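Structure record follows, encoded as structure tokens.
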Amino acid sequence: MINDDTAEAGLKIKRINGSYTWDGLWGGTDGIGVSTIVGPAGGGWTAGTVYHFVLDLSPGHIVVTRDGAPLFDVFDPEYAGAQGSIALYGFSQDNIILANVCITPTPTFCPADFNHDGVINASDLAILLGAWGTASGDLTDDRTTNAQDLAILLGAWGACGR
8 MINDDTAEAG LKIKRINGSY TWDGLWGGTD GIGVSTIVGP AGGGWTAGTV YHFVLDLSPG
68 HIVVTRDGAP LFDVFDPEYA GAQGSIALYG FSQDNIILAN VCITPTPTFC PADFNHDGVI
128 NASDLAILLG AWGTASGDLT DDRTTNAQDL AILLGAWGAC GR
């Protein structure tokens with residue numbers, strides 16, 4: 008058990024791996040199953056003030072803004088995107104209201120990402136090979152899935168938007 012009863016001012020991004028302790032989420036010291044990716048940033052909060060946060064999460068990249076100003080722009084290869092959960096905690100103040108919270112998936116603009124998971128990998132390769140000779144896996148607009156499409160997929164292998 009960690010005894011650090013003071014939370015730092017501002018915002019942190021933490022990763023939770025499996026089981027965790029509340030002590031790991033609170034304060035300046037990480038605990039069992041919790042590691043800080045970045046922070047704190049943004050200073051303290053003013054009671055009765057409305058803040059507008061935007062979290063832009065894509066595979067390997069986390070961007071957080073508050074009221075349009077950047078707080079974090081983190082490249083994190085361990086963040087796979089489209090997996091896990093997002094949780095918001097307000098430990099240091101009472102009466103925090105989270106309102107108008109919505110999660111809007113950022114569309115991937117990777118034509119070779121056939122299963123839309125943000126990563127071009129063996130799953131997409133299997134889909135392309137399953138569509139071989141048809142138009143459904145065509146990436147070159149020649150209406151046939153063939154070696155040219157395979158070359159495009161292999162050339163784009165990895166996280167979308169890299």
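Counting from 8, one number per residue, gives the positions in the sequence shown under the working numbering.
No residue lacks a Cβ here, since even glycine has one placed at the ideal position from N, Cα and C.
All of these numbers come straight from a predicted model, not from anything done at the bench.
- The beta carbon of Ile104 is closer than 7 Å to none in its chain, skipping five residues each way along the sequence.
- DSSP places Ser130 within a helical segment (H, G or I) once states are collapsed to three.
- Taking C-beta atoms as the reference points, Ile44 and Asp83 count as a pair closer than 7 Å.
- Judged by their CB atoms, Leu135 and Pro118 are not nearer to each other than the 7 Å cut-off.
- Within the same chain, Glu15, Ala16, Gly17, Leu18 and Lys19 come within 8 Å of Pro47 by CB-CB distance, once the 5 residues on both sides are set aside.
- According to the DSSP secondary-structure assignment, Asp63 is paired through a beta bridge with Val70.
- A Cβ-Cβ separation of about 5 Å places His59 in contact with Asp74 under the 8 Å criterion.
- By a beta-carbon distance limit of 8 Å, Gly67 contacts Ala166. Their separation comes to about 5 Å.
- Gly50 and Asp120 have their C-alpha atoms spaced approximately 39 Å apart.
- Leu161 sits exposed, since fewer than 16 C-beta atoms from the chains shown fall within 10 Å of its C-beta.
- DSSP places Leu160 in the helix class (H, G or I) of the three-state scheme.
- Straight across, the Cα-Cα distance linking Val70 with Gly125 is about 16 Å.
- Exclusion of the five residues before and after Thr28 leaves Gly38 and Ile39 as the residues of its chain whose Cβ lies within less than 6 Å of its Cβ.
- Distance from Ala133 to Thr152 at the Cβ level is roughly 12 Å; contact not present, criterion being Cβ atoms closer than 8 Å.
- Sequence-distant Cβ neighbours of Asp149 in its own chain, meaning closer than 8 Å and more than five residues away, are Gln155.
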